[in-house]
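See below for the structure under consideration.
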Amino acid sequence: MDKRLKYEGKAKRVYEISEEDVYLVEFKDDATAFNGKKKGSIQGKGVINAKVSAHFFKLLEEQGVPTHFIEMVDDNSMKVKAVEIIPVEVVVRNIAAGSLAKRLGLEEGIHLKKPVLEFYYKSDELGDPMINIYHIRAMEFAKDEEMQKIEELSFKINDILADYLEKRDILLVDFKLEFGRYKGKVILADEISPDTCRFWDSKTKEKLDKDRFRRDLGGVEEAYQEVLKRVTEGGC
Ligand code: UDP
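Structure, rendered in structure tokens:
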């Protein structure tokens, strides 16, 4: 396939290909944490994250959430709709962990009474600072109608994924989403994987996500494999 590198991020490469309005996204084994300060590699991560993301994108599409996913091309790459990424990262939280636990002085693992939505400005140089709707308006990162759609889709995605994962003995603690504009519509983009979500085993509360890498807990590859197995077993 003829491809031209358009953008290389920390975990993915995005290529332009001969098809109009289509990009090829290749998932890498490279891993970073703490805004790029910690670097490493997780063997097999590219393949796992591509497969887990593809599976979730298909599940979400079936339930009426528009996504950028078109089809898998090989084990670690997929064709996606060529969106213009909205520079607002959306974090959805069901259980206190990470930066929320720190900021509000909560014990990790406390179930929140309601899901929490947070916005961060997508900027590596600034370390993705937290922002709110007023910053988004002032900076014209997105229109109010787009943010309303993003909020509605984010809660819907949370309901669908949390329910699907609960049946597979996984607690969806929190996760990060990115959206893009495509032909005038807001659609889900980026990835949904153990890199961008906190997944805990429902029974043991064992971490099955990137926190194993961030916190040097060991068993990183095994945890990612376990997520792929539980997410994909039994089909959709
Ligand atoms: N997250 C992400 N990319 C980021 C920041 C956060 O995918 O640049 C995900 C992270 O994996 C977790 C959720 O968003 O599932 C909330 O992260 P948090 O704000 O707690 O920050 P962290 O503890 O990861 O620094």
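Each residue of the sequence shown is one higher than the one before, counting from 56 in this note's numbering.
Think of the CB as a built atom: it goes at the ideal place given N, C-alpha and C, for glycine as much as any other residue.
Asked, Found
"Neighbourhood of residue 65 by C-beta distance below 6 Å, restricted to the same chain and skipping five residues each side", "87"
"Where the beta strand (DSSP E) containing residue 34 begins and where it ends", "The first residue shown for the chain is 56 and the last is 291, placing residue 34 beyond what the model contains."
"Inter-residue spacing [alpha-carbon to alpha-carbon] between residue 141 and residue 57", "27 Å"
"Beta-carbon proximity check, residue 80 vs residue 135, cutoff 9 Å", "yes"
"Close-in-space but distant-in-sequence residues of the same chain around residue 224 (CB under 8 Å, 5 per side omitted)", "256, 257, 258, 285"
"Outcome for residue 289 when other beta-carbon atoms lying within 10 angstroms are tallied against a minimum of 16", "exposed"
"Test item: CB-CB of residue 102 and residue 131 under 9 Å", "yes"
"Extent of the continuous alpha helix (DSSP H) to which residue 275 belongs", "275-287"
"C-alpha distance - residue 220 paired with residue 73, whole-angstrom precision", "37 Å"
"Whole-angstrom C-beta distance between residue 137 and residue 76, which should lie under 8 Å", "5 Å"
"Of the residues 242, 260, 249, 197, the one placed nearest residue 122, counting alpha carbons only", "242"
"At least 3 beta-carbon pairs within less than 8 Å: the stretch 210-220 vs the stretch 111-130", "yes"
"Backbone secondary structure at residue 190 - three-state DSSP", "helix"
"Inter-residue Cα distance where the pair is residue 233 and residue 125", "17 Å"
"Validate contact between the stretch 176-183 and the stretch 198-207 using beta carbons, cut 8 Å, 3 pairs", "no"
"Cross-strand partners of residue 181 (DSSP beta bridge)", "None; residue 181 has no bridge partner."
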